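Engineer: Quick one: the structure is below, questions incoming.
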Amino acid sequence: MNELPLNGFDIVVVAFLVVVALVFFAGVKTVPQGYAWTVERFGRYTRTLKPGLNVITPFVERIGAKLSVMEQVLDVPTQEVITKDNATVAVDGVAFYQVLDAARAAYEVQQLELAILNLTMTNIRTVMGSMELDLLLSHRDEINTKLLHVVDAAAEAWGIKVTRIEIKDIVPPADLVASMGRQMKAERDKRAAILESEGMRQSEILKAEGQKQALILAAEGRREAAFRDAEARERMAEAEAKATEMVSKAIAEGDIQAVNYFVAQKYVDALGHLAAAPNQKVLMMPVDATSILGSVAGIAELAKSAMAEQPSARRGGVPDSRG
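When we follow the numbering used here, the leftmost residue of the sequence shown carries the number 1209, and every step to the right adds one.
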């Protein structure tokens, strides 16, 4: 079977279809998720393509820059920083940033990552150089906050948002580390000595408080004992006065036995005091013992008369049945 030869018209049609296909594919652009592409017309920025299917004018417009709008991390290399108190430390860190405006990030600054890196390193030296070493080691969060504020404000003109800046390591010189270790040990020894002295002081205070309470209790005991002694002496005085009154009454009534009882009691009390004296070893009694016996006999007679009065009183009060 013989093939028909293609004439000139057919060739033109095929060529036209091929050109149309090429133009169509040249004008259709697919932007991945997380990216933004800039479009330039004759070298001038016109618009930004979003993720998905986009169409540009072939041979008139072209893709300028392809930028990631995802959050990106930038490692900050180690650099030496001189602190306010002239201590040299080695510092490194990490920065996180995100492209918010692809057009400004592409056309406002050249070599975006290098610009952010140099900006971060410069501000690390500025911020940390204005602080003393002790503050530098203990206020890392404050340093991160200051760096973030300064770098983010400077990068805003580039369409960049700096989300975080973290200082990873702060390494002082070896001799300075050893000196800090000795200082820390001395500080801990000082705190231990202070705590020990505080403990001793508290112990002395508690001991003094205990002695004070003991003295107070002893004084209260002595006061109570004195009160009891005074009360006992008062009652003894009352009893003595009562006895004296009874003896005086007996003398007035002519009862000599009560007088003998009173004298014998005083005599016995005096002998008891003489015998109880600590410096008395030998007791001389230049008295007649019969007088004491007579006094005792008087006491016995007094008791008999008192007992004899009680039945007579009972008989006087009960009438005689024979009468």
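Built from N, CA and C at the ideal position, the CB exists for glycine as well.
None of the values given here were measured: they were computed from a predicted structure.
How about MET1336 and THR1291: are their beta carbons less than 8 Å apart?
Structural biologist: Contact flag set, yes.
Engineer: Find out if the Cβ-Cβ distance for the pair ASP1300, ASP1377 is shorter than 8 Å.
Structural biologist: Against a cut-off of 8 Å, the Cβ pair of ASP1377 and ASP1300 comes out as a contact.
Engineer: How many whole angstroms separate the CB atoms of VAL1307 and GLY1367, which I take to be in contact at a CB cut-off of 8 Å?
Structural biologist: Sure, about 6 Å apart at Cβ, within 8 Å.
Engineer: Alpha helix (DSSP H) containing ALA1532: first to last residue?
Structural biologist: Outside the displayed span of the chain (1209 to 1531) sits residue 1532, for which this structure offers no information.
Engineer: Thinking ALA1273 and THR1246 are a contact (beta carbons under 8 Å), I'd like their distance in whole angstroms, please.
Structural biologist: 5 Å between Cβ atoms; contact.
Engineer: Please report how far the alpha carbon of LEU1225 lies from the alpha carbon of VAL1277, in whole angstroms.
Structural biologist: If you take the alpha carbons of LEU1225 and VAL1277, they lie about 38 Å apart.
Engineer: Are the beta-carbon atoms of ALA1313 and LEU1322 separated by less than 8 Å?
Structural biologist: Not closer than 8 Å, so no.
Engineer: Could you pull the start and end residues of the alpha helix (DSSP H) that GLY1242 belongs to?
Structural biologist: Counting along the chain, GLY1242 falls outside any alpha helix (DSSP H), and DSSP gives it neither H nor E.
Engineer: Enumerate in chain order the residues of its own chain whose CB-to-CB distance from ARG1270 is below 7 Å, with the five nearest sequence positions on each side excluded.
Structural biologist: Closer than 7 Å at the Cβ level, and outside the excluded window around ARG1270, lie GLU1248.
Engineer: Compare the C-beta of GLU1248 with all C-beta atoms of chain B and state if any pair is closer than 8 Å.
Structural biologist: Among the chains in the structure shown there is no chain B, since it carries only a single protein chain.
Engineer: For ILE1332, tell me which candidate among SER1387, ALA1234, SER1346 and THR1353 has the shortest Cα-Cα distance.
Structural biologist: The shortest C-alpha separation from ILE1332 is found at THR1353.
Engineer: Suppose you measure from the CA of VAL1370 to the CA of ALA1361; what does that come to, to the nearest Å?
Structural biologist: One C-alpha to the other measures close to 9 Å.
Engineer: At which residues does the beta strand (DSSP E) containing THR1296 begin and terminate?
Structural biologist: Here the beta strand (DSSP E) through THR1296 covers 1296 to 1307.
Engineer: Over what stretch of residues does the alpha helix (DSSP H) that includes VAL1358 continue unbroken?
Structural biologist: It spans 1348 to 1363 - the alpha helix (DSSP H) in which VAL1358 sits, taken as one unbroken run.
Engineer: I need the boundaries of the beta strand (DSSP E) containing GLY1272, first residue and last residue.
Structural biologist: Per DSSP, GLY1272 belongs to the beta strand (DSSP E) from 1269 to 1276.
Engineer: Let me make sure I understand the geometry here. Which of ALA1303, ARG1396, GLN1391 and GLN1410 has the alpha-carbon closest to that of VAL1358?
Structural biologist: Here the closest residue by C-alpha is ALA1303.
Engineer: Whole angstroms are fine: how far does the CA of ILE1324 sit from the CA of THR1265?
Structural biologist: Going from the Cα of THR1265 to the Cα of ILE1324 covers about 34 Å.
Engineer: If you draw a straight line from the C-alpha of GLY1418 to the C-alpha of ALA1438, how long is it?
Structural biologist: So the alpha carbons of these two residues sit roughly 30 Å apart.
Engineer: Quick one: Cα of PRO1285 to Cα of ASN1262, how far?
Structural biologist: Their Cα atoms are separated by approximately 40 Å.
Engineer: How close, in whole Å, do the beta carbons of ALA1310 and ALA1244 come, if the pair is a contact with beta carbons under 8 Å?
Structural biologist: Confirmed, Cβ separation roughly 4 Å.
Engineer: Is it buried or exposed for ALA1386, if we count other Cβ within 10 angstroms and need 16 for buried?
Structural biologist: Exposed, since its Cβ has fewer than 16 Cβ neighbours within 10 Å.
Engineer: In whole angstroms, give me the CA-to-CA distance for PHE1435 and ARG1441.
Structural biologist: Using only the alpha carbons, I get a separation of about 10 Å.
Engineer: VAL1358: beta carbon under 7 Å from a heavy atom of the ligand PLP?
Structural biologist: In the structure shown, the ligand PLP is absent, as is every other ligand, since no ligand is present at all.
Engineer: Can you tell me the Cα-Cα spacing of ALA1298 and GLU1288, whole angstroms?
Structural biologist: The straight-line gap from Cα to Cα measures roughly 4 Å.
Engineer: Near VAL1379, which residues of its chain fall below 7 Å by C-beta distance, leaving aside the five closest residues on each side in sequence?
Structural biologist: Closer than 7 Å at the Cβ level, and outside the excluded window around VAL1379, lie VAL1297 and ALA1298.
Engineer: Looking only at its chain, what residues have a beta carbon closer than 8 Å to the beta carbon of MET1388, apart from the 5 residues adjacent to it on each side?
Structural biologist: So the qualifying residues of the chain are PRO1380.
Engineer: Between the alpha carbons of GLN1280 and ARG1252, how many angstroms are there, rounded?
Structural biologist: The alpha-carbon atoms of GLN1280 and ARG1252 are separated by roughly 27 Å.
Engineer: Which same chain residues, not among the five before or five after VAL1239, have their C-beta less than 7 Å away from its C-beta?
Structural biologist: Same-chain partners within the cutoff: TRP1245, LEU1257, LYS1258, PRO1259, GLY1260 and ASN1262.
Engineer: Counting C-beta neighbours from all protein chains within 10 Å, is the total for ILE1424 16 or more, i.e. buried, or is it exposed?
Structural biologist: Exposed, by the Cβ-count rule.
Engineer: Quick check: what's the CA-CA separation for ARG1372 versus GLU1316?
Structural biologist: Cα to Cα, the separation comes out at about 22 Å.
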